[in-house]
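Colleague: Numbered per this note's numbering, the sequence shown spans residues 374 to 694. Heads up, the beta-carbon is just placed ideally off N, CA and C, and yes, glycines get one too. Here it is: the structure, laid out below.
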Amino acid sequence: MQVQEIKTESLDVKSFIEMKTGEITETVGKDLAINALSGGVDSAVVTMLGFKALGNKLKTVFVENGIMRKGEPARVVRLFKELGVPVDIVDARERFFDALKGIVDPEEKREAITRVFYKEVFGGLVKKSGAKYLLQGTNFTDIEETIAGIKRQHNILEQLGIDTKEQYGYHVIEPLIQLRKSGVREVAKGLGLPEEVYNRPPFPGPALAARVIGEVTLERIEIVRGATEIVEEELSHTGAFQYLAILHQDRVTGIRNGKREYGLQIEVRCWESKDAKAGSPSRLPYELLEKLSKRITGEIPGVVSVTYNITKKPPSTIEAI
Ligand code: XMP
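The structure is reproduced here in structure tokens:
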């Protein structure tokens, strides 16, 4: 299927919302639909469109995969409760860590996450609830990157030849597939979502696993989760497109309490970008970089080195894997 992009400049938000809610109502008919809310702008918009179209025929879940940022499940559930949308938390932590055990290859990691998410977690939920449709927030850039062979985005299925009905037992509806992130943000505003949602920096589907080089274990996720919290606290005021912390696989010799410590390395990235297609590292003040290094090495156990990425996308990409 050839997907036609709707450029943000020519997007008519009101009629887009009307058209998409109409399409969802018509497609789902008398059946039930299910969708996963991660807290990002794409899944938030899909949740609101789905809820508008289907009301209580839509079951929204937050999949607690163990690789999200600190406090994320509670934050997301609270926010949507305030908007009148009920969200169930599904605990799938063990499944995700089991599936990621021993994997170091980036594409294999992405594949494992896709498999657990769509086949195991959603396959099971769909069977239990009797839902026939999954609504999800795939956008135009996700398709483009996957087809171009840059990265397999966790939510690309059909374009990779996956027949979801046959393989997982449900059809997928993707109302945002023609939009870039900037267009999705406009629709979020149009749906009355709060600024904390429509201006939220992007966060990848494979979550913190996209920021761990090498094996993803609970211990290594805890390290990158801690570093992420510090980076977000220190850089949210910059207005940058996205900022993140990456845990490296290689260790380096450092010094702690006057003794040698063969420790961990964290890489910080902070991006200026319009739509994630290309990006440049933000020219952060040196004092801010020093503060990040001091906090990360002081607060995260085992980290002895902090670096800042100064490479543009391309040839870098925004996430590490
Ligand atoms: P990259 O790392 O490819 O990221 O330069 C481009 C943008 O996409 C986000 N990203 C993802 N989003 N599923 C998503 O929904 C994914 O698998 C995925 N991988 C990367 C990334 O955070 C950036 O904004």
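Please report the residue range of the beta strand (DSSP E) in which Val449 lies.
Modeller: Run containing Val449: none in the beta strand (DSSP E); it sits in the alpha helix (DSSP H), Glu445 to Glu455.
Colleague: Could you spell out where the beta strand (DSSP E) holding Glu437 opens and where it closes?
Modeller: Leu431 to Glu437 is the extent of the beta strand (DSSP E) around Glu437.
Colleague: Would the beta-carbon of Thr381 fall within 8 Å of that of Arg553?
Modeller: yes
Colleague: Going by C-alpha to C-alpha distance, which of Tyr681, Glu607, Gly652 and Leu608 sits closest to Glu640?
Modeller: Tyr681
Colleague: Find out if the Cβ-Cβ distance for the pair Thr420, Asn408 is shorter than 8 Å.
Modeller: Yes, they are a contact pair.
Colleague: Starting from the N-terminal side, write out each stretch of the beta strand (DSSP E) that is 3 residues or longer and does not extend beyond the region 491 to 576.
Modeller: 506 to 508 and 544 to 546
Colleague: Going by the C-beta, is Ile586 closer than 7 Å to any heavy atom of the ligand XMP?
Modeller: no
Colleague: From the DSSP secondary-structure annotation, give me the bridge partner or partners of Ser678.
Modeller: The partner list for Ser678 (beta bridge, DSSP) reads Gln638.
Colleague: Is it the case that the CB of Thr670 approaches a heavy atom of the ligand XMP more closely than 7 Å?
Modeller: no
Colleague: Excluding the five sequence neighbours on either side, which residues of its own chain have a C-beta within less than 8 Å of the C-beta of Ile390, listed in chain order?
Modeller: Leu422, Lys425, Val560, Gly563 and Leu564
Colleague: Can the beta-carbon of Val557 be found closer than 8 Å to that of Leu581?
Modeller: no
Colleague: Kindly indicate which three-state DSSP category Asp464 falls into: helix, strand or coil?
Modeller: DSSP places Asp464 in strand when its eight states are reduced to three.
Colleague: Note down, in chain order, each residue of its chain lying with its Cβ closer than 7 Å to the Cβ of Gly503, except the 5 sequence neighbours on either side.
Modeller: Leu405
Colleague: Could you tell me the alpha carbon to alpha carbon distance between Ser388 and Leu566, rounded to whole angstroms?
Modeller: 17 Å
Colleague: Taking Leu549 and Val418 to be in contact with their CB atoms under 8 Å, please state how far apart those CB atoms are, rounded to whole angstroms.
Modeller: 6 Å
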